[in-house]
Amino acid sequence: MPPLDSGSELGAFSRYVLPYKAQRGPDTGMSDRRPPGTGLEDATVLVTGGAGFIGSHLTAALLPETDVRVLDDFSTGEPSKIPDGAAVFRADIRNEDALDRAMADVDVVFHLAAVVSVEQSVSNPIESHRVNVDGTLAVLERARREDARVVVASSAAVYGDPDELPVDETAATDPLSPYGADKLAADTYARVCADAYDLPVAVLRFFNVYGPGQRGPYSGVVDAFLQRAFADDPLVIHGDGEQTRDFVHVADVVRTLLAAASTADTGRAFNVGTGESVSINELADVVRDATGTSAGVEHVDARPGDIRESRADCTRLRDRLGVAPDVSLREGIGDLVAHRRSRDAGERPERLQ
Ligand code: NAD
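Each residue of the sequence shown is one higher than the one before, starting from 2 at the first, in my numbering.
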């Protein structure tokens with residue numbers, strides 16, 4: 002696999018994403034967020050979905066000190082995202098032999114592999130159920146055999162449209178899509194396995210994660226806006242744009258994943274957001290300011306099933322996991338823009354396909 006050098010998609014953001022390797026120079030102007038270590042230096046770790054957006058950042062944060070394996074079928078992830086040093090199992094999570102081999106003698110599994118597209122889950126709910134639910138159960142079952150700890154990627158989608166904001170982990174769950182239903186089932190299985198088998202499992206309900214390396218048709222609104230803004234195309238907003246989201250930077254998510262791998266407080270779910278929300282109209286303003294684009298916005302039909310308001314209550318995250326997300330949206334987007342500018346220096350901006 003190619004190394005994560007400064008010209009790679011992730012490399013320029015290494016001060017966020019690889020905080021454990023003293024990547025941040027004194028000239029960055031960023032506050033020092035470097036924890037003492039990952040705490041997993043002596044562990045054998047499996048990252049399912051390690052070629053994806055969040056998984057590749059996590060893998061990069063763990064290497065080279067930790068023995069890291071990645072299991073991924075590259076359906077949305079890319080081999081080039083996996084940093085040097087990881088042992089790669091190219092396989093579907095449902096492939097029992099491959100999962101057995103990847104999980105042999107592991108200490109910790111970060112289970113991130115999933116069909117992440119709501120649209121795909123709507124068009125093929127059986128397939129997404131098999132990957133997202135059966136795949137998670139298969140990981141949990143092997144973790145039981147291996148006596149391994151598991152950190153499961155769940156989602157704010159389990160809440161659907163919450164009755165009250167901010168939404169805490171005890172709020173009613175009422176998913177609006179097959180994807181949300183899958184995540185709720187996986188989240189529930191994980192907590193049930195923790196209880197029934199005394200398995201050390203932590204469940205992380207990610208809100209809207211953004212950051213470098215997030216690409217593709219289902220990558221989310223931040224990447225979509227940036228691509229349009231760099232091409233000076235109008236930013237496309239579904240509906241009136243007053244729907245709100247809690248955007249959390251992937252560096253804060255990686256810190257949370259690592260904290261979840263060592264917490265004594267297992268068997269429960271944790272929201273992973275910032276506790277702040279912005280409307281999509283406000284996000285468009287932040288992106289337009291950061292890029293300086295002259296393009297405006299274009300409102301199109303609202304997406305059916307789109308959640309209206311979303312904001313995490315991060316009390317449990319802060320008090321029990323000891324994580325306080327600290328990359329502001331303006332800072333995170335400003336950094337994405339700066340990186341993109343340096344990467345594209347001398348090149349014409351890519352247009353959205
Ligand atoms: P991603 O699509 O970039 O990563 C998912 C990875 O899983 C990809 O590398 C893909 O190739 C792999 N994968 C998919 N199906 C697989 C299968 N059957 N077998 C093996 N590998 C498979 O998505 P991401 O944003 O990095 O999401 C990681 C996790 O976090 C997912 O579980 C997702 O549901 C969850 N999550 C993400 C967000 C977000 O905002 N990005 C929000 C909530 C929850």
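Even glycine gets a Cβ: it sits at the ideal position worked out from N, Cα and C.
Cβ of residue i versus every heavy atom of the ligand NAD: is any distance shorter than 7 Å?
i: I94; result: yes
i: D106; result: no
i: L72; result: yes
i: N209; result: yes
i: G50; result: yes
i: F362; result: Nothing can be reported for residue 362: it is not among the residues displayed for the chain, which extend from 2 to 354.
i: S156; result: yes
i: A62; result: no
i: S311; result: no
i: S76; result: yes
i: G86; result: no
i: G274; result: no
i: A115; result: yes
i: V140; result: no
Taking the alpha carbon of residue i as the point to measure from, which residue in the options has its own alpha carbon closest?
i: G50; options: V132, S122, G221 and V328; result: V132
i: D68; options: R206, L177 and A103; result: A103
i: L236; options: V204, A62, E332 and L284; result: L284
i: T137; options: T189, A346 and G323; result: T189
i: I83; options: R70, A44 and E299; result: R70
i: F111; options: E310, V204 and P326; result: V204
i: T174; options: G335, N282, N96 and A270; result: A270
i: R309; options: D320, V298 and H239; result: H239
i: L113; options: D327, A187, T316 and D234; result: A187
i: L330; options: R143, T275 and G78; result: T275
i: D98; options: L72, V153 and P163; result: L72
Spatial neighbours of residue i within its chain, please: CB distance less than 7 Å, with the 5 preceding and 5 following residues excluded, ordered by chain position.
i: R344; result: none
i: V210; result: I55, V249, V251 and V254
i: S122; result: V116, S129, S178, P179, Y180 and D183
i: A230; result: L236, V288, R289, T292, T294 and A296
i: A158; result: P176, S178, Y180, G181 and K184
i: V119; result: S178 and Y180
Leaving out five residues before and five after residue i in sequence, what residues of the same chain have Cβ atoms less than 6 Å from its Cβ?
i: V338; result: A291 and T292
i: V324; result: R256, T257, A260 and L318
i: D233; result: T294 and A296
i: V328; result: H250, A252 and D253
i: E66; result: E42
Who are the near neighbours of residue i in its chain, counting only those whose CB is closer than 8 Å to its CB and skipping five residues on each side?
i: R145; result: C194, Y198 and L200
i: Q215; result: F54, G221, V223, D224 and V251
i: R1; result: An answer regarding residue 1 cannot be provided, because it is not within the stretch 2 to 354 covered by the chain.
Self-check item: Inter-stretch contact (C-beta, 8 Å, three-pair minimum) for the segment 225–245 and the segment 89–104
Solution: no
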